[in-house]
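S.K.: Mind looking over this structure? Questions follow.
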Amino acid sequence: MDEDMQVMDAGDFEIERRLESYARARLSPDPLVIARVRARVMREARLRADLPRISVLAAPRARSGRMVPRRLAMTFLAASVWLGVAAGAAFASQAGGLLYPTRLWIEQATLPSGAAARASAEIVRLDARLADALAAAARGDAGAVAAALEAYRAIADATLVATAGDAGLEALVATALDKHRVVLADVATLLTAKGNTTAAIAVAASVERAIDRNQVIIDRITSVTPGVGSGGDGGSGSGAGNLGGAATGANSGAGGAEPTDAGASPSATKAPRPTPDLTVRPIQDTTPNKPTADANATPKPTPDPAVRPTPRATQPAPPHSTGSSGD
891 MDEDMQVMDA GDFEIERRLE SYARARLSPD PLVIARVRAR VMREARLRAD
941 LPRISVLAAP RARSGRMVPR RLAMTFLAAS VWLGVAAGAA FASQAGGLLY
991 PTRLWIEQAT LPSGAAARAS AEIVRLDARL ADALAAAARG DAGAVAAALE
1041 AYRAIADATL VATAGDAGLE ALVATALDKH RVVLADVATL LTAKGNTTAA
1091 IAVAASVERA IDRNQVIIDR ITSVTPGVGS GGDGGSGSGA GNLGGAATGA
1141 NSGAGGAEPT DAGASPSATK APRPTPDLTV RPIQDTTPNK PTADANATPK
1191 PTPDPAVRPT PRATQPAPPH STGSSGD
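Going letter by letter, the sequence shown gives residues 891 to 1217 in the working numbering.
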């Protein structure tokens, strides 16, 4: 019995020895392996510990990366919308468009307050309305031409009211209206050239009315303002020669003023000649009144050439005393 136990102890001892040898050879890694395993374990532990913070930081980056194309798309869309709105507003603000009255109102609201500056701005607006009429005539749009001419008429009326009483500003407006008559005459010509004869005939009446109205205004300003308009014969006033153009007259007297020496002093300047009175008066007969013949008077005898008149006797002259009364 004891022998059997010894044999079993010897067998167990051998098995234990082999297991220990196997454990030392296979189950006990070298330091390098242990270092690698330890580094991997620590890295995994750090990753697990920093996972919430990393996820918070990585999420905005991913979101911003996805937002860049979206932001570009939104910017492009907004630019397209604004471009479309601007193009539509520009098209609608043309003559005859829906926003054309709004455009005219904005122009009127932004006019300067000074009389001279306002008159100049109104003339610029008149030029713009003529440009609108010409552009519409070039397109063959009769409605736009009519709208531009109506706006031109309204601006001209407002300008005349604003410049009433100022000779210089009235002359400036008259000069501009005189130049505009030539442009107005070209509007109907452009419509006819486009083949829109019906529209040209319809607009021609408006153009003619505008031209005639400008001429009436120029004539009225010329008659009211001295020195405005074309110069007459004999030099009575100086003015523009273009169809009643307005200019302030430098020589207001008949025949013009004498030229003055530019280098002469003010004291050596000649006194102006008195303006002659040009009032027409009836011519008076300076011949003395002759007595009217009396029908009942006795006619004078007709002298006979054969009878010589008897000379009268001459009386001697009394002696002339040269002495004094005391001699």
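Note that CB positions come from ideal geometry on N, CA and C, so glycine has one too.
1. Taking only the alpha-carbon atoms, compute the straight-line gap between residue 970 and residue 976 and give it to the nearest angstrom.
2. Check whether the stretch 1032–1040 and the stretch 1050–1067 are in contact - that is, three or more C-beta pairs closer than 8 Å.
3. Measure from the alpha carbon of residue 1022 to the alpha carbon of each residue in 1002, 1076, 1009, then state which is nearest.
4. In three-state terms, what does DSSP make of residue 1033?
5. Counting C-beta neighbours from all protein chains within 10 Å, is the total for residue 1169 16 or more, i.e. buried, or is it exposed?
6. Going by alpha carbons, who is nearest to residue 1101 out of 1039, 990, 1111, 1060?
7. By the 10 Å Cβ neighbour count, where 16 or more other Cβ atoms means buried, how is residue 1111 classified, buried or exposed?
8. Would you tell me roughly how many angstroms separate the C-alpha atoms of residue 1017 and residue 1084, rounded to the nearest one?
9. So, is residue 1068 buried or exposed, given that buried needs 16 or more other C-beta atoms within 10 angstroms?
10. Count the other CB atoms, across all protein chains shown, that sit within 10 Å of the CB of residue 1071; report buried if there are 16 or more and exposed otherwise.
11. Classify residue 1065: buried if its beta carbon has 16 or more other beta carbons within 10 angstroms, exposed otherwise.
12. For the alpha helix (DSSP H) that contains residue 916, what are its first and last residues?
13. Ordered along the chain, which non-local residues of its own chain (more than five positions away) have a Cβ less than 7 Å from that of residue 1056?
14. To the nearest angstrom, how far is the alpha carbon of residue 1107 from that of residue 968?
15. State the Cα-Cα distance for the pair residue 940 and residue 932, rounded to the nearest angstrom.
16. Of all the beta strand (DSSP E) runs that stay within the bounds of the stretch 996–1045, which reach a length of 3 or more residues?
17. Which same chain residues, not among the five before or five after residue 1045, have their C-beta less than 7 Å away from its C-beta?
18. Would you tell me roughly how many angstroms separate the C-alpha atoms of residue 919 and residue 911, rounded to the nearest one?
19. For residue 1060, is the classification buried or exposed, using 16 other Cβ atoms within 10 angstroms of its Cβ as the cut-off for buried?
20. By the 10 Å Cβ neighbour count, where 16 or more other Cβ atoms means buried, how is residue 923 classified, buried or exposed?
21. Please report the straight-line C-alpha distance between residue 906 and residue 899, rounded to a whole angstrom.
22. Buried or exposed for residue 909, going by 16 or more other Cβ atoms inside 10 Å?
23. Going by Cα to Cα distance, which pick from 1024, 1041, 1010 is closest to residue 1063?
M.R.: On the basis of the supplied data:
1. 10 Å
2. no
3. 1076
4. helix
5. Residue confidence is low: residue 1169 scores 43 on pLDDT, short of 50, so the model does not pin down where it sits. Its coordinate-derived value is still stated next. Exposed, by the Cβ-count rule.
6. 1039
7. buried
8. 23 Å
9. buried
10. buried
11. buried
12. Counting along the chain, residue 916 falls outside any alpha helix (DSSP H), and DSSP gives it neither H nor E.
13. 1005
14. 51 Å
15. 12 Å
16. none
17. 1012, 1015, 1016, 1019
18. 13 Å
19. buried
20. exposed
21. 10 Å
22. exposed
23. 1010
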